[in-house]
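For reference, the structure discussed in these notes is given below.
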Ligand SMILES: Cc1cc2nc3c(=O)[nH]c(=O)nc-3n(C[C@H](O)[C@H](O)[C@H](O)COP(=O)(O)OP(=O)(O)OC[C@H]3O[C@@H](n4cnc5c(N)ncnc54)[C@H](O)[C@@H]3O)c2cc1C
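Residue numbers (the numbering used here): 700 to 1150.
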């Protein structure tokens, strides 16, 4: 059986759904969204659901500002159906020597367009704490709080070792599932159809997209094909004969019930910005260090352990994440879990939130899950045309696909509709890798800002 559609989108994760929504909004009719999984379930329901405009890369920052503008618009139109808040991200350090660099880096990010930086060192400062819910009437940019007394006045659960905290303000979290459903339901009202099937092959003739073959045996004729296959971006690229330069990293996350009420229920996303050694009792440390298999648990661990409260009302849930061991692997499902992760994350977070040590002898039951960051070498996503006529890509959004989804979908729709492209468009096109200058820059690419 053959049917015809104007556009086929392969993948109904947050990026495919957002592409469908913005293509529909651009007035493009007759879009088919295809996925063998239920929409928004493979990677897009595994995230921490956080967002921020605070990126060291000017192009990423511009895309995120646009994406957050669009999310705010969507929140306004839907009565904030996806509970977008603006609690911010709080990066905390106990290392005095890092303060000058923290200020310098923050000034740089502020100057790139992230908003004004304010530095506070005494209690009569003008620091404004965030409202726990909603996203309006919050200051833009970021605040740096200097000194333990000032930090713990606003965040009393933090360690007395904290000396500086960078509170990024155009940031917070939301329900990614609900935002995705707002996009999907609106897209469906605009005429987008969903088909539960796998795209098995893409029919390309004379370097032009002709259609696709689905796992249910159907052939769909279509002049436009969008690869939004998340962790399978590379495999679906191969169906077009194109190598998409991405790889996948396994990332886990754990949820606990914080029965002792240690993480403030109104807290922002809390990030420990220093490398550290895990806290062990002396005898534990000695035993671990004496065994080749466990020795690594006594060695230095990287910065970046983070946590946030999850859920409203009576919820006691907290989420914890810490990328202490990056694993680049091919995507397999269910994702391989690491039984040591919950305890390591809890111990790491206790450096920032010392009262968590109360759980060391009796850990609350963890809920562990995870997914893949599909990413490019420099961690910029891919949105735009592919070198087969009618083929496009939207993906490789690594650990920031929820926050960038609206901006990326909007950018893809501009490419397909032939609308005026924003200044950052070329930074996310596959064609950037054809530029020898860009290839040279890649050799010395700086930090990507990924958590
Ligand atoms: C632990 C963790 C924490 C994260 N935290 C955050 C965060 O705080 N903020 C943030 O912004 N982002 C976060 N992310 C990243 C974010 O979740 C991803 O970037 C985003 O979900 C990727 O969306 P996607 O649509 O590209 O992929 P997916 O959601 O994986 O969707 C791709 C879809 O394509 C389908 N597909 C693939 N091949 C085919 C085929 N041949 N035929 C049909 N369908 C196909 C799949 O079935 C899948 O449904 C996190 C990710 C992880 C793993």
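Heads up, the beta-carbon is just placed ideally off N, CA and C, and yes, glycines get one too.
So who's on the other strand from residue i, going by DSSP bridges?
i	result
residue 1070	950
residue 895	734
residue 749	872
residue 975	1000
residue 709	733 and 926
residue 1131	For residue 1131, which the question treats as bridged, DSSP gives no partner whatsoever.
residue 788	867 and 968
residue 1091	925 and 1084
residue 724	For residue 724, which the question treats as bridged, DSSP gives no partner whatsoever.
residue 904	907
residue 1018	954 and 1007
residue 987	In the DSSP output, where bridge partners are listed per residue, residue 987 has none listed.
residue 701	918
residue 912	900 and 918
residue 842	817 and 866
Leaving out the 5 sequence neighbours to the left and right, which residues in its chain are closer than 7 Å to residue i when beta-carbon positions are compared?
i	result
residue 712	739, 741, 742, 743, 927 and 929
residue 974	999, 1000, 1001 and 1002
residue 815	809, 839 and 840
residue 1074	945, 946, 948, 1095 and 1097
residue 827	838
residue 1067	951, 953, 1036, 1040 and 1041
For residue i and residue j, what's the separation of their Cα atoms in angstroms?
i	j	result
residue 803	residue 923	46 Å
residue 896	residue 813	41 Å
residue 775	residue 720	16 Å
residue 1139	residue 1133	11 Å
residue 709	residue 851	48 Å
residue 992	residue 954	26 Å
residue 961	residue 1029	37 Å
residue 855	residue 913	56 Å
residue 837	residue 853	16 Å
residue 781	residue 982	47 Å
residue 997	residue 1098	28 Å
residue 947	residue 1071	6 Å
residue 875	residue 1010	13 Å
residue 1092	residue 966	37 Å
residue 1027	residue 1060	33 Å
residue 733	residue 1025	31 Å
residue 1081	residue 1018	29 Å
residue 829	residue 784	9 Å
residue 1102	residue 767	7 Å
residue 1032	residue 932	15 Å
residue 754	residue 952	22 Å
residue 880	residue 846	43 Å
residue 772	residue 1108	14 Å
residue 857	residue 787	16 Å
residue 848	residue 793	13 Å
residue 980	residue 986	10 Å
residue 1051	residue 1058	14 Å
residue 877	residue 1013	20 Å
residue 963	residue 1008	7 Å
residue 1055	residue 811	37 Å
residue 1143	residue 1149	17 Å
residue 1062	residue 1146	35 Å
residue 795	residue 968	22 Å
residue 1004	residue 917	47 Å
residue 1049	residue 736	38 Å
residue 860	residue 832	29 Å
Would you please state the rounded distance, in angstroms, between the beta carbons of residue i and residue j? I believe it to be under 8 Å.
i	j	result
residue 841	residue 868	6 Å
residue 884	residue 950	The pair is not a contact, with the Cβ atoms about 28 Å apart (cut-off 8 Å).
residue 1077	residue 1141	6 Å
residue 921	residue 716	Their Cβ separation, rounded to whole angstroms, is 18 Å, which puts residue 921 and residue 716 out of contact at 8 Å.
residue 764	residue 870	Rounded, the Cβ-Cβ distance is 12 Å, inconsistent with contact.
residue 1131	residue 1125	6 Å
Can you give me the Cβ contacts of residue i inside the same chain, cut-off strictly under 6 Å, excluding the 5 residues immediately before and after it?
i	result
residue 723	886, 889 and 891
residue 864	789, 791, 844 and 850
residue 705	729
residue 1113	1120
residue 984	997
residue 725	1112 and 1116
residue 943	932, 933 and 936
residue 1106	762, 765 and 766
residue 798	863
residue 988	994 and 997
May I ask whether a heavy atom of ligand 2 can be found less than 7 Å away from the beta carbon of residue i?
i	result
residue 1041	This structure lacks ligand 2; its bound ligands are ligand 1.
Beta-carbon within less than 8 Å of residue i's beta-carbon, same chain only, minus the 5 sequence neighbours each way: which residues are those?
i	result
residue 939	901, 903, 908, 924, 926, 1085, 1087 and 1090
residue 825	817 and 819
residue 1016	954, 955, 956, 957, 1008, 1009 and 1010
residue 718	708, 925, 927, 1093, 1107, 1108, 1111 and 1112
Check whether the Cβ of residue i lies closer than 8 Å to any Cβ atom in chain B.
i	result
residue 741	Of the chains in the structure shown, none is chain B; there is only one protein chain.
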